[in-house]
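Since the structure comes first, as structure tokens, the remarks are kept for the end.
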Amino acid sequence: MSESQKIRIDKWLWAARFYKTRALASKAVDGGKVHVNGQRVKSSRPIQVGNRIEITRAQTQFVIDVTALSEKRGPAKEAQFLYKETQASIEQRELQSQQRKIMNSSLPKSKGKPDKHQRRQIRKASGKLN
2 MSESQKIRID
12 KWLWAARFYK
22 TRALASKAVD
32 GGKVHVNGQR
42 VKSSRPIQVG
52 NRIEITRAQT
62 QFVIDVTALS
72 EKRGPAKEAQ
82 FLYKETQASI
92 EQRELQSQQR
102 KIMNSSLPKS
112 KGKPDKHQRR
122 QIRKASGKLN
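Note that the working numbering has the sequence shown beginning at 2, numbered continuously upward.
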């Protein structure tokens with residue numbers, strides 16, 4: 002595909018493997034989770050090489066620059082050539098990942114579901130007999 006052509010943002014996000022389906026990509030764009038050059042866009046917005054895209058998925062935010070266009074979804078190795086993530090975005094994601102790991106390690110760990118005896122103790126302590 003030539004550099005001068007433009008492609009819909011939802012189709013490109015799907016081809017670049019940020020979303021599993023085009024419907025999910027379209028829903029994310031329409032829901033305000035994707036911004037192009039700092040502006041909220043619709044899923045039909047055409048993008049071109051050089052655009053900066055900010056994508057928010059769950060607690061993770063990606064800031065990428067479009068380096069190539071593709072309408073077809075290919076292997077993950079080829080999809081990585083469609084964009085370049087900014088260094089600040091990479092550092093921010095790693096920092097957030099480390100913070101989540103630290104936070105999760107401090108939470109108490111469950112040993113699984115309570116057995117019959119433990120359930121009876123819970124009911125007795127909470128005042129519920131059945």
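A virtual CB, placed ideally from N, CA and C, is assigned to each residue, including glycine.
Nearest Cα to A26 within the set W15, T61, G33: W15.
K117 and S111 have their C-alpha atoms roughly 16 Å apart. Distances from the CA of Q49 to each of Q6, E95, Q119, K114 were compared; the closest alpha carbon is that of Q6. Proximity of the region 71-91 to the region 34-52 falls short of the contact definition, fewer than three beta-carbon pairs being nearer than 8 Å. Taking every protein chain shown into account, the CB of F82 has fewer than 16 other CB atoms within 10 angstroms, so this residue is exposed. R53 sits close to V64, with the two beta carbons spaced by under 8 Å.
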